[in-house]
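J.: Could you have a look at this structure, given as structure tokens, before my questions?
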Amino acid sequence: MSTLYERQQLIDKFFQVGMLTHLTTPHGRGQNALRGQGKILLVLSDHNNISQKELSEYLGMTPQSTAEFVTKLVKKGLVAKNKSPEDGRISLITLTDAGRANITDLEQDIPSGLQYLTDEEEAQLLTLLTKLVEGMRADFDNADQSNGVFASVQRKMAEHMINEHLPKNDKD
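Just so you know, the sequence shown maps onto residues 353 to 524 in the working numbering.
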């Protein structure tokens with residue numbers, strides 16, 4: 353993408369994908385089951401019987417947050433927490449039968465648009481989006497808050513949302 357117009361088209365596609373995902377995901381209208389506890393179940397469906405520390409690393413969450421979510425899932429009977437036979441200080445987290453059954457429901461929350469991509473394209477998209485998010489997050493973290501950058505960003509986002517996504521006034 354080299355021209356400003358092409359870059360704007362790219363941004364528009366991001367917004368369109370986000371809106372269509374929200375509208376077409378069954379649970380996306382009020383809650384997102386793919387966050388928090390649901391995300392833990394999905395990780396365990398691929399990497400079952402792992403330590404709580406490993407689970408935290410997969411999720412990119414603090415150990416404290418992971419522990420809170422795991423405790424809630426144990427109470428719901430969706431995961432089991434057992435001591436490692438090799439090292440009793442380590443807790444291993446495992447999906448229960450109820451947790452496995454719950455995975456089927458969570459799979460319905462995966463946006464259907466991904467069906468249009470091959471596995472290779474999904475991996476490429478994940479790599480590119482991760483690079484984009486990490487770069488933008490670093491820019492955001494390094495921004496000088498005293499120079500009004502945040503107010504400017506908020507204003508630009510609000511203007512875009514009003515101009516592109518809200519119905520125009522009849523007077524226009």
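The C-beta atom is built at its ideal place from N, Cα and C for all residues, glycine as well.
1. For my contact list, residue 445 and residue 404 are in at a C-beta cut-off of 8 Å; report their separation, rounded to the angstrom.
2. What residue from 412, 447, 437, 440 has the CA that sits closest to residue 427's CA?
3. Go through its chain and collect everything with a Cβ distance to residue 392's Cβ below 6 Å, but skip five positions before and after it.
4. Secondary structure at residue 481, three-state DSSP: helix, strand or coil?
5. Using a Cβ-Cβ cutoff of less than 6 Å, which residues in the same chain neighbour residue 442 once the five nearest sequence positions on both sides are dropped?
6. Helix, strand or coil: how does DSSP classify residue 354 here?
7. Which one of 433, 467, 360 has the shortest CA to CA distance from residue 373?
8. In the DSSP output, what is residue 435 paired with across the bridge?
9. Near residue 494, what residues of its chain come up, given a Cβ to Cβ distance below 8 Å and the 5 sequence neighbours on each side ignored?
10. Taking its Cβ as the centre, do 16 or more other Cβ atoms sit within 10 Å of residue 381, making it buried, or is it exposed?
11. From 376, 359, 368, 417, pick the residue whose C-alpha is nearest to that of residue 460; which is it?
12. Have a look at residue 359 and residue 410 and give me their C-alpha separation to the nearest angstrom.
13. Between which two residues does the alpha helix (DSSP H) carrying residue 462 extend?
14. The alpha helix (DSSP H) with residue 405 in it runs from where to where?
15. Over the uninterrupted alpha helix (DSSP H) stretch that includes residue 390, give me the two end residues.
16. Which stretch, first to last residue, makes up the alpha helix (DSSP H) that contains residue 424?
17. Three-state secondary structure (DSSP) at residue 454?
18. State buried or exposed for residue 434, treating a residue as buried only when at least 16 other CB atoms are found within 10 Å of its CB.
T.: Reading from the atomic positions:
1. The Cβ separation is near 6 Å, so the contact holds.
2. Put simply, of 412, 447, 437, 440 the residue whose alpha carbon is nearest the alpha carbon of residue 427 is 447.
3. Setting aside the 5 residues that flank it on each side, residue 392 is surrounded in the same chain by 421, each with a C-beta closer than 6 Å to its C-beta; the list follows chain order.
4. Residue 481: helix per DSSP, three-state reduction.
5. Taken in chain order, the residues that qualify are 403, 436.
6. Here residue 354 sits in coil by DSSP.
7. The option with the nearest alpha carbon to residue 373 is 467.
8. Paired residue(s): 443.
9. Residues of the same chain with a CB within less than 8 Å of the CB of residue 494, apart from the 5 flanking positions on each side, do not exist.
10. Because residue 381 carries a pLDDT of 41, less than 50, the predicted location of this residue cannot be relied on, and the following value inherits that uncertainty. Exposed, since its Cβ has fewer than 16 Cβ neighbours within 10 Å.
11. Of 376, 359, 368, 417, the residue nearest in Cα terms is 376.
12. Our two residues, residue 359 and residue 410, have alpha carbons roughly 32 Å apart in a direct line.
13. Element bounds for residue 462: n/a, residue is neither H nor E.
14. Run containing residue 405: 404-411, per the alpha helix (DSSP H) assignment.
15. Per DSSP, the continuous alpha helix (DSSP H) segment holding residue 390 begins and ends at 389-398.
16. For residue 424, the uninterrupted alpha helix (DSSP H) run begins and ends at 415-427, by DSSP.
17. Helix, per DSSP.
18. Exposed: under 16 other Cβ atoms inside 10 Å.
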